[in-house]
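Undergrad: The following block contains the structure, expressed as structure tokens.
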Amino acid sequence: MRSFFLSILLAGTIGLTALAQDIKDVEGSWIAEINEFSSLEDYRQASLTLKWESEGERYRYTFQIPMRELESYSVEESRNDPANFELDREAGHLSFSGTMDDDIGSGKFHFSANSEFVEEMSTLGYENISPDEQLKMAIYDVTAEFVKRLREMNGDSQS
Numbered sequence: 220m221r222s223f224f225l226s227i228l229l230a231g232t233i234g235l236t237a238l239a240q241d242i243k244d245v246e247g248s249w250i251a252e253i254n255e256f257s258s259l260e261d262y263r264q265a266s267l268t269l270k271w272e273s274e275g276e277r278y279r280y281t282f283q284i285p286m287r288e289l290e291s292y293s294v295e296e297s298r299n300d301p302a303n304f305e306l307d308r309e310a311g312h313l314s315f316s317g318t319m320d321d322d323i324g325s326g327k328f329h330f331s332a333n334s335e336f337v338e339e340m341s342t343l344g345y346e347n348i349s350p351d352e353q354l355k356m357a358i359y360d361v362t363a364e365f366v367k368r369l370r371e372m373n374g375d376s377q378s
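Numbering of the sequence shown is given in this note's numbering, commencing with residue 220 and proceeding in unit increments.
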């Protein structure tokens with residue numbers, strides 16, 4: 220009987236370890252162009268392109284983001300200097316390092332997936348979210364609350 224419980228405990232531990240290993244970081248390259256439509260801080264945006272490879276697939280996503288959302292980045296300080304900035308989202312954290320030459324820059328990025336986000340999405344019925352899917356959710360700032368609201372709008376009572 221004791222060995223039976225030990226076997227169940229071990230199987231559960233192995234399962235949790237496998238689950239934890241599924242949540243891996245993603246790395247790739249970035250290219251950015253700063254668009255200053257106005258001198259007002261609220262209108263400064265970056266066109267940011269992220270590229271990465273995973274399991275034989277190539278990904279490329281371009282999106283616009285207000286400069287105020289890029290933590291630790293100052294347009295004035297980074298015109299011709301190293302560019303290190305971050306983007307924190309519910310799905311995970313993106314760290315960027317590279318260089319800027321006036322309004323154009325490039326470098327490497329590192330995405331750290333948020334395991335709590337995966338757990339929350341699982342409670343909403345979305346299981347087996349890959350790190351690549353989680354990065355895409357971070358790019359588009361998908362939150363668990365947004366998913367809950369979509370379900371409510373569609374009359375889905377599961378939340």
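Even for Gly, the Cβ is constructed at its ideal location relative to N, Cα and C.
If you're wondering where the values come from, they're calculated on a predicted model, not measured in any experiment.
Determine, using beta carbons only, whether residue 357 and residue 311 come nearer to each other than 8 Å.
TA: Counting from one through the sequence shown, the residue named residue 357 turns up at place 138. Counting from one through the sequence shown, the residue named residue 311 turns up at place 92. Cβ distance < 8 Å, so residue 357 and residue 311 count as in contact.
Undergrad: Report the option in 367, 332, 329 whose CA atom is closest to the CA atom of residue 345.
TA: Position 126 of the sequence shown holds residue 345. Ranking the options by Cα distance to residue 345, first place goes to 367.
Undergrad: Beta-carbon separation of residue 333 and residue 316 under 8 Å?
TA: As a working mapping, residue 333 is identified with position 114 in the sequence shown. As a working mapping, residue 316 is identified with position 97 in the sequence shown. Taking 8 Å as the Cβ cut-off, residue 333 and residue 316 do not qualify as a contacting pair.
Undergrad: Using a Cβ-Cβ cutoff of less than 8 Å, which residues in the same chain neighbour residue 373 once the five nearest sequence positions on both sides are dropped?
TA: Counted from its first residue, the sequence shown places residue 373 at position 154. Around residue 373: no qualifying Cβ.
Undergrad: Taking the alpha helix (DSSP H) that residue 343 belongs to, which residues open and close that run?
TA: If you number the sequence shown from 1, residue 343 lands on position 124. Counting along the chain, residue 343 falls outside any alpha helix (DSSP H), and DSSP gives it neither H nor E.
Undergrad: Out of 247, 246, 248, 264, which has the shortest C-alpha to C-alpha gap to residue 254?
TA: The residue given as residue 254 occupies position 35 in the sequence shown. Answer by Cα proximity: 264.
Undergrad: So residue 319 is in the beta strand (DSSP E); what residue range does that whole segment cover?
TA: Walking along the sequence shown from the start, residue 319 turns up at place 100. Taken as a continuous stretch (DSSP letters only), the beta strand (DSSP E) holding residue 319 covers 311–320.
Undergrad: In chain order, what residues of the same chain have a beta carbon less than 8 Å from the beta carbon of residue 288, not counting five sequence neighbours either side?
TA: As a position in the sequence shown, residue 288 is number 69, starting the count at 1. These residues qualify, in order along the chain: 306.
Undergrad: Grab the span of the alpha helix (DSSP H) containing residue 368 for me, first residue to last.
TA: Start at 1 with the first residue of the sequence shown, and residue 368 comes out as number 149. Looking at the DSSP string, the run of the alpha helix (DSSP H) that includes residue 368 is 363–372.
Undergrad: How is residue 192 classed by DSSP in three states: helix, strand or coil?
TA: The structure shown does not extend to residue 192, since the chain is modelled only from 220 to 378, so the question has no answer here.
Undergrad: Under a Cβ-count criterion, where at least 16 other Cβ atoms within 10 Å of its own Cβ denotes burial, should residue 336 be classed as buried or exposed?
TA: Sequence index remark: in the sequence shown, residue 336 carries index 117 (1-based). The residue is buried, with at least 16 neighbouring Cβ atoms inside 10 Å.
Undergrad: Take residue 375 as the anchor and find which of 309, 286, 274, 343 has the nearest alpha-carbon.
TA: Walking along the sequence shown from the start, residue 375 turns up at place 156. Minimum Cα distance to residue 375 is reached at 343.
Undergrad: Please confirm whether residue 326 and residue 249 have their CB atoms less than 8 Å apart.
TA: Looking up residue 326 in the sequence shown gives position 107. Looking up residue 249 in the sequence shown gives position 30. Yes, Cβ-Cβ distance for residue 326 and residue 249 is below 8 Å.
Undergrad: Taking the beta strand (DSSP E) that residue 355 falls in, what are its first and last residues?
TA: Here residue 355 refers to the residue found at position 136 when the sequence shown is read from its first residue. Unbroken run through residue 355 is the alpha helix (DSSP H), 350–358; no beta strand (DSSP E).
Undergrad: Spell out the partners DSSP gives residue 304 in its beta bridges.
TA: In the sequence shown, the residue the question calls residue 304 occupies position 85. Note: residue 304 sits in a beta bridge opposite 315.
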